[in-house]
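If you count the sequence shown from 1, you need to add 234 to reach the numbering used here. Beta carbons: idealized from backbone N, C-alpha and C, even for Gly. Structure, as structure tokens:
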Amino acid sequence: MSDMEKAQHRKPVVGIVMGSDSDMPVMSKAADVLETLDIPFEMRIISAHREPDIFYEYAKHAEEEGLKVIIAGAGMAAHLPGMCAAIFPMPVIGIPMHTASLGGRDSLYSIVQMPSGIPVATVAINGGVNGGLLAAKILATSDGELLKRLKAYSEKLKEQVKAKDERLHLQGYKSYK
């Protein structure tokens, strides 16, 4: 059994929720990061507006199910992250989705402007990768092995930038693709 398969068979510690399957391209990036870092997660499509009873039960029972962090993506009015934070007592990370009408600013403002007492950590519009990384960093505060994997991930990013810089110097900017 591969490490990825093992991670999927362990009890999830991160919940990834989105209000629509149209959010999947962004939210799957958060899942990819969690998978890379060997963090077990679950992914759900739950609408705070269209099925509030199902949403409420999910958020209410997430802690007892073992979730430590919820990553919630939402567009337009973007109630999903804030409602998660109102019910779930642990960290919630909001990912505002790009929207056709306002370019995601509506989603961003809805998520970052939570009332006092209901914090939602918010990443960039369509920031799936950073949502996954922030969840990992939160979990790494109490998991030394995960912290090591995060440091290795960061080192890999550093090496990728070095390689691109070296290629730029060798090829020149006109040939760089």
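Residue j and residue i - do their beta-carbons sit closer together than 9 Å?
| i | j | result |
| --- | --- | --- |
| residue 314 | residue 253 | yes |
| residue 304 | residue 351 | no |
| residue 366 | residue 268 | yes |
| residue 357 | residue 327 | yes |
| residue 297 | residue 324 | yes |
By the 10 Å Cβ neighbour count, where 16 or more other Cβ atoms means buried, how is residue i classified, buried or exposed?
| i | result |
| --- | --- |
| residue 286 | exposed |
| residue 369 | buried |
| residue 292 | buried |
| residue 393 | exposed |
| residue 344 | buried |
| residue 264 | buried |
| residue 255 | exposed |
| residue 246 | buried |
To which residues of the same chain is residue i closer than 8 Å at the C-beta, ignoring the five residues directly before and after it?
| i | result |
| --- | --- |
| residue 338 | 309, 330, 331, 332, 359 and 360 |
Short of 7 Å in beta carbon distance, which residues of its chain neighbour residue i, apart from the five on each side in sequence? Order them along the chain.
| i | result |
| --- | --- |
| residue 288 | 280 |
| residue 244 | 274 |
| residue 384 | 271, 370, 371 and 374 |
Under three-state DSSP, which class holds residue i?
| i | result |
| --- | --- |
| residue 309 | coil |
| residue 315 | helix |
| residue 261 | helix |
| residue 303 | strand |
| residue 326 | strand |
| residue 391 | helix |
| residue 276 | strand |
| residue 247 | coil |
In chain order, what residues of the same chain have a beta carbon less than 6 Å from the beta carbon of residue i, not counting five sequence neighbours either side?
| i | result |
| --- | --- |
| residue 317 | 282 |
- Message: Extract the residue ranges of the alpha helix (DSSP H) inside the segment 333 to 386, only unbroken runs of 4 or more that lie entirely within it.
- Response: 339 to 346 and 362 to 374
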